[in-house]
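*Asks:*
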Amino acid sequence: MKNRKKQSGVNRKVVIAGLFFMLPAFVVILITILIPLIWNIYLSFCDWKGGGSISFVGMQNYIQSFTTAATRDAILHSVFIGIISTLVSVVLGVLLALALYRIQGRLGGVARVIFYSPSMMPMTVLGLLFTFIFAASDKGLLNALLGAMGLGTLQHAWLSDKGTVLWVIAMIQGWRASGTIMMLSYTAMLNIPHSLFESAELEGCNFRKKACHIILPLIKPTVRLALSMTLVWAFKTYDLVWTMTKGGPANMSMTAPIMMIKTGFSYNQYGYAAAIGMISTVLIGICILSGRFILRGESYEY
Amino acid sequence: MKKKALSILLCSIMAFGCLAGCGDSAQKKETEKNTAETEAETAAKEETEAAKTKAGGPELTLMITNSTDPWAETVKEMVEKKFPDYSLTFKNWDEPTVEQTVKTAFAADQAMDVVMYWPTYMKKFEGTGIPMDLTEYMEADTEWKEGFTDGILEVGKTKEGLLAIPNTTNYPMLQVNKKLFEDAGVEFKDVMTWDEFMAACEKIKASGKTPVAVQQEWAGWFVRNALLQCWDNKEELDSFIAGEVPFTDERVKNAMDNIADMYNSDYVYPGGKEAVTTSADDAMAAFINGDAAIFCNVVANAQSVSEKVGDRFELGVISWPSMAKTDDMNNLLGSAGGYMIMSNTKYPDEAVEILKYLTGTEVLQAMADQGSIVANKNVTSDDANYQLYSRDADKVYPDEVINLSSEIFDNLVYNEPANYLFNGESALDELEALREAAAAK
Amino acid sequence: MNIKTKKKIPAGYILLCLAVVLCLAVYIFPVAFAAITSLKSTDEFYASIWALPKEFLVSNYAKAFSVGKIGTYMMNSVIISAASLVSIQVLALLAAYALSRLKIPHVEIFLMALLLMQVLPTESMIIPLYIIVSKLHLLNIPYISTILGYVGWSLPGTIIILKNFFDTVPSDLLEAARIDGSGELNTMGRIILPLMKGPMVTCLIMNFTYVWGELMWAQVTTLLTDKGVTITVGLLNFQGQYGTNWPLLTAAIVMILVPLIVIFVVLQKYFVAGLTAGGVKG
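From first to last, the protein sequence lines are chains A, B and C. Note that this note's numbering gives residue 69 to position 68 of the first sequence, counting from 1, and the numbers run on in steps of one. Note that this note's numbering gives residue 426 to position 316 of the second sequence, counting from 1, and the numbers run on in steps of one. Note that this note's numbering gives residue 834 to position 202 of the third sequence, counting from 1, and the numbers run on in steps of one.
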C-alpha cells in the first residue's frame, strides 16, 4: 500500500520533469512552426495581397480550392508522388540497410557514405542531372541507352507524358530519400543486441532467414516512423519538380507546393495559398494514419 | 575508461542542455544581449573604418546585379564611386528567388531599396503596394525623362503608376547556324514571314537536322508574338489587349494552330509535342553542337551565345518570324530590364538618386560597351553587333494581353503553347474563362 | 559484428557484394557528374554534357572562390551549423526522452502533431516567421534568426526519431535508477545516452545535411545585411536571367559537399561503437 503511494508520487514527479524537459523544444517549435501554422490557418479564411489590409472572407478560399480543377489535380499529384516515392524509398532504403548490415568492413564503410550521398545533393543539381537523363527522343541518356540495347520501342518522352512524368519524379524523389531511410534503418539494426541472434546462429539460419524473422520485425517501429516522415517530406517537395518541369507541360506535373507558391507569391493570393496548404495537411494526415494502420504492431525493448 | 570519459562528456552536454532548458527565453535574452554587445563592438570598429569614406550616411540595400551579368562589377563600382556618402549593401539578384524575397521582405516591412525587376512584368506586384510610384519624380526631372528611348517608359506603367524604370530593351530574336542553312539549301533572309519560316524548317528537317531549338521557358513567345501580330489593325489589337475580344476568336485559334503545326511537324528540338519541355541547357547544347539550325533567343543574351558558339560555325541574326498580314502589324513582345524602388524604403529620395544614375547615360554607356542594348537615346555604340541586335527595337509593342490579370499572365507566359498542344481548344476556353473573370473585376 | 561465417564465404555473400558495388555505380553518378562538370569550361559543358573534360580546369574553383568572401561565408556557415546542431541535439534529446520515458500522457497525439506540423512547405512558413523575427528585432543580430529557423524546423523530425530509439531501451533500467533516487537528467546522461550514440550521430548527420545546404531561409534572414551570409547564399548564385553557369555552380556545390562528406566519414566509427554499447543488458 505504502509502496504504491510512493510509486504514484514518483510518477507525478516524473511527469512534471517530463513537461520541463519538453518545454524548451516546445518554445522554439511554438515560435518557428506553431505560430506560422496558426497564421496560415487564419490566413486561409482571409484575403491578403502580401501588403495592405487582411480581410475575412470565410470559407471562400476552401470552396475555390475544391471547385478549381487545377488545384484539385495539383493536390492529387502531390499525394501520388508522396505515396509512390515513400514506397520506393522505404523498400530501397531497408534493402540497402540490410545489405550494409551484412557487408561490414571497408566496402560497407564506403557504401554507407555513397548510399547516403543522394540525400546530400541539392535538389536543383539532381533536377538538372535527371532532366538530361530523361530528355525526350534519343537525346536523353536513358533513351539513348534503351536504343543501344535494341529496346527502341521502350523509348519515351518521359517528362511530357501524363503517364510517366509523375512516376519519374516520384522515383527520383524516392531514390533521394532512400539514403535517409537507409541511415535510419541501419542505425536501428545496429541497436539490436547480438544476443538475440545467438539461438538463430546455433540453428544455422542463413542471413535471409535472420533478416525476415529477427531484423525486420525488430526495426518495424523505425520503418513505420520513416514511412510517415518521408511521406511528409515527399509531399512538400518543391525544388525537384521546379527544376525538372516547372509543373508543366500543361500542368501535368503541377503539385500542391508549386501551386501554393504560385498563388501566393505570383498571384498575390496568400489566403488561397494557405487554404491549399491546409487541405494538403489534412490529406497527408489521413495518409499517415492509414500507413501506420497498415504497419501497426507493438514496439520492442531489447 | 573510455566509457567514463564519454559519460563525463555527455554530462557536460547535459549541463549545457539544462542551462538551455532552465529558461529558454531568459537564455535567449541573454544571448541577445551578449550578441548585441559584440555587435556594438564590431559596429564601432567598422564605423572607424567606414568613417574615412561614409560618415553615417543613409544605409541602402541594393539588389541590382547578378553575378552572371558581364557588367555586374563595373556597375557596382560606378555606383559606389558616385555615392561615397551612402553606406551601400549590395545583394546578389537571383532569378528564381527574387520575387519571393522581395515580397517576404515587404510583408515584414523590411525594405530593399532598389531592386532589379522587369518593368514589363510589374503585373506580378499588382495590388501589393510594393513598388513605389515614380511618376512624380519622373515628371519633375525632364532631363532624366528625355534621355529614354521613345515610348520605352510605357512598359513600366500600370494603372497604379510608373512602377519601374527600364535600363535595357530586350525582345526575342533568332540566331541561326548559317552552315546548316546552306546545307539545307535555305536562303538566308533577315526577315521571314511565318510561311517562309515554316518552308525553311521543312527544308532543314529534310536535310536531317532539327530546325528550331527553344527552351521551355521561352516557348510562350511564339504565342505572345502571334497574339500581337494576328490582328487586322492596331485598333483590333488594342481592343484584344484591353480584354474586349474573346480568346475563342478565330484569329487566336489560327495563330495557335500555326504554332501547333510547327511542333507537330517535328520542327522543334528534339521533336514532337515533347519539345515544349526542352530545358535551357539542352536547347543551347543542341544549337552549339550544330544539331539545331535556329536558336530562339533574346537580344540581351545574343552576345553571350555568340561567344559560346565561338568559331564553331558562322552565326546569322534574323527577326522573329511574322504572322502579320501587313508590315505595320509586325509587332514584337518587348521585355525590358530595369529597376523598381520598394515603397517602404526609408530613403526614397536617395534611392531615386541612385535609380537616376543607374538609368542615366553614364552607367548605360558602360553597359552598352559590354554588349547590352540599352534604353537610352544618348548612348551610342560603334559595335556592329550592337546595331545588328538592336535593329528591331521599334517593333516592340508597349502592351500585351498578358497584363489583363496575373492568371492570364501566368497561363500565357508559362503554360502555353503546351496546354494547347496537349489539350487542344479547351486551352482557349480556359483562357477565355480567365478573361471573363478579369473583365468582371 | 561478426555476422559473416568464419571459415567459408557463402556464394550469397559474394553476390550481395557484387550487387552493392553495382548499386554504388548508380549512386555515385550525381556526385561524379557534379565533380566532372565542375572541371569543365562552359563551352565544353554545352559541347558535350556527358563527356570528360579535355583538360582539368581548376579555374572554376578559383572563380567560385573569388566571387565572394569565401572565408567569411565558410566561417558563418560553421558557426550557424555548430550552434544549430548543438541546440537541436540538446533540445530534441530532452523532449524525446520525456516523450519516451517520462510518462507524458497522450504521447501519440504529440507525435502526430509533430509529424503534421511539417507538412506546410517551408516557403509558406517563411513570411510569418520572418515577420516574427523582424518584430522581435532579431534581424540586426547576426546568426540568431537563421539559427532559430533551423532549430525549430529540424526539431520535430529529430524528436520523433530519437523518441523511437529511446523506446528500445529497457525500462527496468530506468525504474531501477529512479528507485535509487537518481535525478532524471543524471539517469538520462549516465544510462541512456551511452546506448544512443548511433541514433544521435544519425540525427546529427541528417540535420547537418539540412542546415549546411539550406538556401531560402538563410537568404531571407540576411536580405538586408552582409553579416551572417552563409556559404550557400554566397556561392549558389550563378543562376542568372538567361541561364545558369553550370560549371561554376557545380564547382560551388562540390565545395559545399566536401565538408559534409568529411564529417560523415569522421563520424562513421560511432556506428560501430554504438553497436557494442547496444549489447549492454541489465
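Every residue, glycine too, gets a C-beta built ideally from N, C-alpha and C.
Which residues in the same chain have their Cβ closer than 7 Å to the Cβ of residue 424 of chain B, if we skip the five residues on either side of it in sequence?
*Replies:* 288 and 289
*Asks:* Residue 797 of chain C and residue 838 of chain C - do their beta-carbons sit closer together than 8 Å?
*Replies:* no
*Asks:* List, in order along the chain, the chain D residues whose C-beta lies closer than 9 Å to that of residue 206 of chain B?
*Replies:* Given the protein chain composition of this structure (A, B and C), no chain D is represented.
*Asks:* Taking the C-alpha atoms as reference points, what is the distance between residue 369 of chain B and residue 111 of chain A?
*Replies:* Near 52 Å, if we compare the C-alpha coordinates of residue 111 of chain A and residue 369 of chain B.
*Asks:* For a test of the three-state rule: what should DSSP assign to residue 199 of chain B, helix, strand or coil?
*Replies:* It is a strand residue.
*Asks:* Can you tell me which residues form a DSSP beta bridge with residue 864 of chain C?
*Replies:* Under DSSP, residue 864 of chain C takes part in no beta bridge, so it has no partner.
*Asks:* Does the pairing of the stretch 241-255 of chain A with the stretch 38-50 of chain A give three or more beta-carbon distances under 8 Å?
*Replies:* no
*Asks:* Can you list, in chain order, the residues of its chain whose CB lies under 6 Å from that of residue 301 of chain B, leaving out five sequence neighbours each side?
*Replies:* Excluding residues within five positions, the ones whose Cβ falls inside 6 Å are 429.
*Asks:* Less than 8 Å between CB atoms is the rule here; does residue 223 of chain A satisfy it with respect to chain C?
*Replies:* yes
*Asks:* Could you work out which residues of chain B lie near residue 252 of chain A, taking near to mean beta carbons separated by less than 8 Å?
*Replies:* Residues of chain B with a Cβ closer than 8 Å to the Cβ of residue 252 of chain A are, in chain order, 525 and 529.
*Asks:* Keeping to the same chain, check which residues put their C-beta closer than 7 Å to that of residue 864 of chain C; ignore five residues upstream and five downstream.
*Replies:* Cβ within range, chain order: 845, 846, 847, 850 and 888.
*Asks:* In the stretch 224-244 of chain A, which residues sit with their C-beta less than 7 Å from some C-beta in chain C, listed in chain order?
*Replies:* 226, 229, 230, 233, 236, 237 and 239
*Asks:* Tell me which residues share the same chain as residue 221 of chain B and place their Cβ nearer than 6 Å to its Cβ, disregarding the 5 neighbours each side in the sequence.
*Replies:* 452, 454 and 455
*Asks:* Name the residue from C:892, C:901, C:883 and C:897 whose alpha carbon lies nearest to the alpha carbon of residue 690 of chain C.
*Replies:* Comparing Cα-Cα distances from residue 690 of chain C to each of C:892, C:901, C:883 and C:897, the minimum goes to C:883.
*Asks:* Say whether chain A places a C-beta atom closer than 8 Å to the C-beta of residue 236 of chain B.
*Replies:* yes
*Asks:* Check the C-beta distance from residue 15 of chain A over to residue 227 of chain A and give it rounded, since I have them as a contact under 8 Å.
*Replies:* Cβ-Cβ separation between residue 15 of chain A and residue 227 of chain A: approximately 29 Å, too far for a contact (criterion under 8 Å).
*Asks:* Mind listing the chain B neighbours of residue 249 of chain A? Cutoff is C-beta to C-beta under 8 Å, in chain order.
*Replies:* 326, 386, 387, 524, 525 and 528
*Asks:* Under 8 Å by Cβ, that's how I've got residue 662 of chain C and residue 127 of chain A pegged, so tell me the actual separation to the nearest angstrom.
*Replies:* 6 Å
*Asks:* In terms of DSSP beta bridges, what is residue 279 of chain B paired with?
*Replies:* B:446
*Asks:* Counting only beta-carbon separations shorter than 8 Å, does residue 178 of chain B have a partner in chain C?
*Replies:* yes
*Asks:* Identify, in the order they occur along the chain, each residue of the same chain with its Cβ nearer than 8 Å to the Cβ of residue 109 of chain A, setting aside the five sequence neighbours on each side.
*Replies:* 101
*Asks:* If we ignore side chains and look at the alpha-carbon of each, how far apart do residue 187 of chain A and residue 414 of chain B end up?
*Replies:* 49 Å
*Asks:* Note down the Cα distance separating residue 643 of chain C from residue 652 of chain C, rounded to an integer number of angstroms.
*Replies:* 14 Å
*Asks:* For a cutoff of 8 Å on Cβ pairs, would you count residue 275 of chain B as touching chain C?
*Replies:* no
*Asks:* Output the boundary residues of the beta strand (DSSP E) element that contains residue 158 of chain A.
*Replies:* For residue 158 of chain A, no beta strand (DSSP E) segment is defined, and its DSSP state is neither H nor E.
*Asks:* Would you please verify whether the beta carbon of residue 675 of chain C is less than 8 Å from any beta carbon of chain A?
*Replies:* no
*Asks:* Name the DSSP beta bridge partners of residue 645 of chain C, please?
*Replies:* For residue 645 of chain C, which the question treats as bridged, DSSP gives no partner whatsoever.
*Asks:* With DSSP as the reference, identify every bridge partner of residue 56 of chain A, one or two as the case may be.
*Replies:* A:48
*Asks:* So which of B:339, B:324, B:395 and B:419 has the shortest CA-CA distance to residue 372 of chain B?
*Replies:* B:324
*Asks:* Quick one: Cα of residue 491 of chain B to Cα of residue 181 of chain B, how far?
*Replies:* 16 Å
*Asks:* Are the Cβ atoms of residue 218 of chain B and residue 763 of chain C separated by less than 8 Å?
*Replies:* yes
*Asks:* Who does residue 871 of chain C pair with in a DSSP beta bridge?
*Replies:* When beta bridges are read from the DSSP output, residue 871 of chain C appears opposite C:876.
*Asks:* Considering residue 788 of chain C, what are the terminal residues of the alpha helix (DSSP H) in which it resides?
*Replies:* 776-798
*Asks:* Going by CA-CA distance only, name the one from C:708, C:771 and C:843 that's closest to residue 784 of chain C.
*Replies:* C:843
*Asks:* Measuring only the C-alpha atoms, how far is residue 682 of chain C from residue 132 of chain A?
*Replies:* 13 Å
*Asks:* Establish whether the CB of residue 152 of chain B and some CB of chain A are separated by less than 8 Å.
*Replies:* Legend: pLDDT at residue 152 of chain B = 45, less than 50; position of this residue unreliable, no value from coordinates given.
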